[in-house]
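Trainee: Counted the way the UniProt record's numbering counts, the sequence shown spans residues 1 to 103. By construction, the Cβ of each residue, glycine as well, lies at the ideal position given by its N, Cα and C atoms. This is the structure I want to talk about, given as structure tokens.
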Amino acid sequence: MLTQVKSMKQTHIITITYTASTDMIDQIRPRHRSFLERGYEQGLFIASGPNSSRNGGIILATGDLDEIKALLQEDPFITEKVASYSYHSFDPVKYAEDFKAFI
Numbered sequence: 001m002l003t004q005v006k007s008m009k010q011t012h013i014i015t016i017t018y019t020a021s022t023d024m025i026d027q028i029r030p031r032h033r034s035f036l037e038r039g040y041e042q043g044l045f046i047a048s049g050p051n052s053s054r055n056g057g058i059i060l061a062t063g064d065l066d067e068i069k070a071l072l073q074e075d076p077f078i079t080e081k082v083a084s085y086s087y088h089s090f091d092p093v094k095y096a097e098d099f100k101a102f103i
């Protein structure tokens with residue numbers, strides 16, 4: 001079933017692009033994944049994972065973009081300068097009923 005209403009929270013697709021060697025990314029990835037738990041605990045992150053080309057990843061987030069950006073400045077991928085982030089925000093006005101809890 002498809003729902004159509006005005007969104008309560010803005011949703012963000014955060015694209016991670018690796019800027020370092022695969023070996024360096026592999027060394028830092030465990031700390032990055034541990035760090036991501038903070039975003040889930042704070043209710044900011046919905047899902048995350050590597051992209052299919054394995055040259056970066058995606059974080060699906062909801063809530064205040066400034067708060068999300070501030071948190072991500074502490075990500076080991078950023079502090080170790082091995083990745084960059086780009087942000088794509090949208091207001092979901094249509095979504096699957098199962099997705100409603102995140103909106």
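Just the C-alpha distance for P30 and K94, rounded to the nearest angstrom, thanks.
Mentor: Taking the Cα positions, P30 is about 35 Å away from K94.
Trainee: Grouping DSSP H, G and I as helix and E and B as strand, with all else coil, what is A61?
Mentor: The answer is strand: DSSP assigns A61 an E or B state.
Trainee: By DSSP, does A20 sit in helix, in strand, or in coil?
Mentor: In this structure, DSSP gives A20 a state outside helix and strand, which the three-state scheme calls coil.
Trainee: Quick one: what does DSSP say S34 is sitting in, helix, strand or coil?
Mentor: helix
Trainee: Measure from the alpha carbon of S84 to the alpha carbon of each residue in A96, K69, E97, D98, then state which is nearest.
Mentor: Nearest option by C-alpha distance: K69.
Trainee: Just curious, the alpha helix (DSSP H) that P76 is in, first and last residue?
Mentor: 76 to 79
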